[in-house]
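The block underneath contains the structure these notes are about, expressed in structure tokens.
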Amino acid sequence: MGVCADEGRLYAEFFGISSGKGLRAHEDMVMHVFYEQVRPRIIREAQVDVLAALCLTLLAYQRPNESNEPVETGEPGELEAFYAVVGAVLEDAQQRLAFRAQAFVRGEITGYRMSADDAQAAVQWIRSVDSDDPDDHWEYPPVQRLRWLVAQISGCVDTEVQHGLTDEALSACKQSIATHGARTVRDSVRGDANAEQLAHQFVTCSMTLADQAAEPDQTHYGGLNIGSARFSCDLPV
């Protein structure tokens, strides 16, 4: 945008023209066509990561007084049509992102069902937590998906909306841990005398990781590290 503004000023310097009603009318027309082409694509887009990337791009091109880092432009008002359409497209993209994030929560977190392999991995993970060689590379899939979703929407929508989506995803994740996850772990070790304790430990450890996953910009490795400290899960005796 800065280059375009420089070119516009240079052209005006040599040819003695300046922005006027004719130019503004042309800008309005061009941006209207642009909006009519872009909006249907946004409405059809289903991928959360694509929508998040689009929101971040559009946020970088807000009006200078609406962003934290002003964008270099030409004379005041020269890009008004551009900024107006950027604002409209951004609003559409953010609304679509919020909608698709909620759909992701319903389908990928609430709707998750543990496979036999996942159940076996969960049991191995729980049994390794308090050992000398804990498995630092496994976590309950809905926790992984919660972590991914929070990272995607961070900074892409209004703070209030972001908090609402994060709380919704965290609540769904914890519900999955406490019901489906615990039941599946318990059933997979039905003949084990410690089946109930293993299920309880699975819930306790996974809840801890879910709370961590809901915090944006958390440093983690395989879901089991908080900063440089190794994750541990202590249960009452």
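With the numbering used here applied, the sequence shown corresponds to residues 360 to 596, in that order. Quick reminder that beta carbons are idealized off the backbone N, C-alpha and C, glycines included.
Residue i in three-state terms, based on DSSP
i      : result
GLN534 : helix
TYR499 : coil
SER547 : helix
ARG459 : helix
PHE373 : helix
ARG422 : coil
PRO575 : coil
GLN454 : helix
GLN396 : helix
ALA447 : helix
GLU527 : helix
GLU467 : helix
ALA405 : coil
ARG504 : helix
THR432 : Low confidence applies to THR432: its pLDDT is 48, below 50, so where it sits in the model is not reliable, and the reading given next is rough at best. Residue state, collapsed to three classes: coil.
ARG472 : coil
Residue i - containing alpha helix (DSSP H), residue span
i      : result
LEU438 : Segment: none, LEU438 is in no alpha helix (DSSP H) and carries neither H nor E.
VAL516 : Neither: VAL516 is in no alpha helix (DSSP H) and is coded neither H nor E.
ALA569 : 554 to 572
ARG486 : 475 to 488
Nearest-angstrom Cβ-Cβ length linking residue i and residue j, presumed shorter than 8 angstroms
i      : j      : result
ILE468 : ALA528 : 6 angstroms
LEU524 : ALA447 : LEU524 to ALA447, Cβ: 22 angstroms. No contact.
CYS414 : LEU449 : 7 angstroms
*Does the region 470 to 490 come close enough to the region 554 to 565 to have 3 or more Cβ pairs within less than 8 angstroms?*
Taking a contact to require three or more Cβ pairs closer than 8 angstroms, the region 470 to 490 and the region 554 to 565 qualify as touching.
*Are three or more beta carbon pairs between the region 445 to 459 and the region 410 to 422 nearer than 8 angstroms?*
Flag = yes, the region 445 to 459 and the region 410 to 422 touch.
*Contact between the region 510 to 522 and the region 464 to 482 (3+ Cβ pairs under 8 angstroms)*: In short, these stretches do not touch, since the Cβ pair count stays below three.
*asked:* Can you confirm whether the region 559 to 570 touches the region 530 to 544 when touching is taken to mean that 3 or more C-beta pairs between the two stretches lie within less than 8 angstroms?
replied: In short, these stretches touch, since the Cβ pair count reaches three.
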